[in-house]
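What follows is a set of notes on a single structure, which appears directly below.
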Amino acid sequence: MIIRAAEPADLPRLQAIETAAGELFRPLGMAAIADDEPPALEELERYRRAGHAWVAAEDDGTPVAYLVGEPVDGAFHIEQVTVHPVAARRGVGRALVARAADCARDQGLAGLSLTTFTDVPWNAPYYERLGFHRLADAELTPGLRAVRAQETAIGLDRWPRVCMRRGL
1 MIIRAAEPAD
11 LPRLQAIETA
21 AGELFRPLGM
31 AAIADDEPPA
41 LEELERYRRA
51 GHAWVAAEDD
61 GTPVAYLVGE
71 PVDGAFHIEQ
81 VTVHPVAARR
91 GVGRALVARA
101 ADCARDQGLA
111 GLSLTTFTDV
121 PWNAPYYERL
131 GFHRLADAEL
141 TPGLRAVRAQ
151 ETAIGLDRWP
161 RVCMRRGL
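Letter 90 of the sequence shown, counting from 1, is numbered 90 in my numbering, and no numbers are missing.
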């Protein structure tokens, strides 16, 4: 598996990865997540141009997973990390998070943050295994409060969610 910066030609494949991975939510009673549109190409391009989009690619260069994010209040906030089901359980997500951590360190940031579903096995429980801890409401920075408000506005709070952080 190769971890590399996303390229413009990768972006439609990232949308396909998101759609395929979304199907895993359907059996959990989260059909709205499975049916959600993937990130727009313009949004993915914004992350890519900022140098905050990476892919995990097979030896032939085909992306099977991706991570995008941006700095928020002194940490690199992982907006999305998605692994295609065919590449699941191979350490791909872990490798992408490690790349984001390296980038954060290089930029002088103090940690990684993310928001995720609490009751989905490959969400909060997985990130806890990667060293993230759940943040209490009082620990949320203004930027994380804004992220959570946006998630609430688009309906993600229909299922329990949490902010998490990991130091570097």
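Cβ coordinates follow ideal geometry from the N, Cα and C atoms, glycine included. Note that the structure is predicted; figures quoted are calculated from it, not measured.
Alpha-carbon spacing of residue i relative to residue j, whole angstroms
{"i": "Arg105", "j": "Leu41", "result": "27 Å"}
{"i": "Arg171", "j": "Gly61", "result": "For the chain, the structure presents residues 1 to 168; residue 171 sits outside this window and is missing."}
{"i": "Asp35", "j": "Ala124", "result": "21 Å"}
{"i": "Leu140", "j": "Leu67", "result": "22 Å"}
{"i": "Arg148", "j": "Leu130", "result": "22 Å"}
{"i": "Arg4", "j": "Ala136", "result": "34 Å"}
{"i": "Val97", "j": "Ala6", "result": "15 Å"}
{"i": "Leu156", "j": "Ala32", "result": "9 Å"}
{"i": "Tyr127", "j": "Asp119", "result": "12 Å"}
{"i": "Phe132", "j": "Leu168", "result": "10 Å"}
Residues of its chain near residue i, where Cβ-Cβ distance is below 6 Å and the 5 sequence neighbours each way are ignored
{"i": "Leu44", "result": "Leu11, Leu14"}
{"i": "Pro8", "result": "none"}
{"i": "Leu24", "result": "none"}
Run of the beta strand (DSSP E) containing residue i, from where it starts to where it stops
{"i": "Leu44", "result": "Unbroken run through Leu44 is the alpha helix (DSSP H), 41 to 49; no beta strand (DSSP E)."}
{"i": "Arg166", "result": "161 to 167"}
Top-ranked residue by Cα proximity to residue i, from the options
{"i": "Gln80", "options": "Trp159, Gly131, Thr19", "result": "Thr19"}
{"i": "Ala53", "options": "Ala34, His133, Val147, Ala101", "result": "Ala101"}
{"i": "His84", "options": "Ala16, Val120, Ala149", "result": "Ala16"}
{"i": "Leu109", "options": "Pro27, Pro39, Arg166", "result": "Arg166"}
{"i": "Arg94", "options": "Phe117, Pro71, Ala65, Val120", "result": "Ala65"}
{"i": "Ala57", "options": "Thr152, Met1, Leu156", "result": "Met1"}
{"i": "Leu28", "options": "Leu168, Trp122, Glu151", "result": "Trp122"}
{"i": "Ala50", "options": "Glu37, Val86, Cys103", "result": "Cys103"}
{"i": "Pro160", "options": "Val92, Asp73, Met30, Pro63", "result": "Met30"}
{"i": "Ala21", "options": "Thr152, Val55, Ala87, Arg46", "result": "Ala87"}
{"i": "Pro63", "options": "Ala146, Thr82, Arg99", "result": "Thr82"}
Closer than 7 Å: residue i CB and nearest the ligand GTP heavy atom
{"i": "Ala88", "result": "This structure lacks the ligand GTP; in fact it carries no ligand of any kind."}
Extent of the continuous alpha helix (DSSP H) to which residue i belongs
{"i": "Ile3", "result": "First-last for Ile3: 2 to 5, but that is the beta strand (DSSP E), not the alpha helix (DSSP H)."}
{"i": "Ala124", "result": "124 to 129"}
{"i": "Val147", "result": "142 to 153"}
{"i": "Ala32", "result": "31 to 35"}
{"i": "Pro12", "result": "11 to 22"}
Neighbour flag for residue i against chain C, beta carbons, 8 Å
{"i": "Asp157", "result": "Chain labels in this structure do not include chain C; a single protein chain is all it has."}
Same chain, Cβ closer than 7 Å to residue i, neighbours up to 5 away in sequence not counted
{"i": "Cys163", "result": "Ser113, Thr115, Leu135, Leu140, Leu144, Arg148"}
{"i": "Pro142", "result": "Asp73"}
Close Cβ partners of residue i (< 8 Å) along its chain, the five nearest in sequence each way excluded
{"i": "Gln107", "result": "Pro71, Phe76"}
**Prompt:** Which full runs of the alpha helix (DSSP H) of 4+ residues lie inside the segment 58 to 115, going along the chain?
**Reply:** Qualifying alpha helix (DSSP H) stretches, in chain order: 92 to 106.
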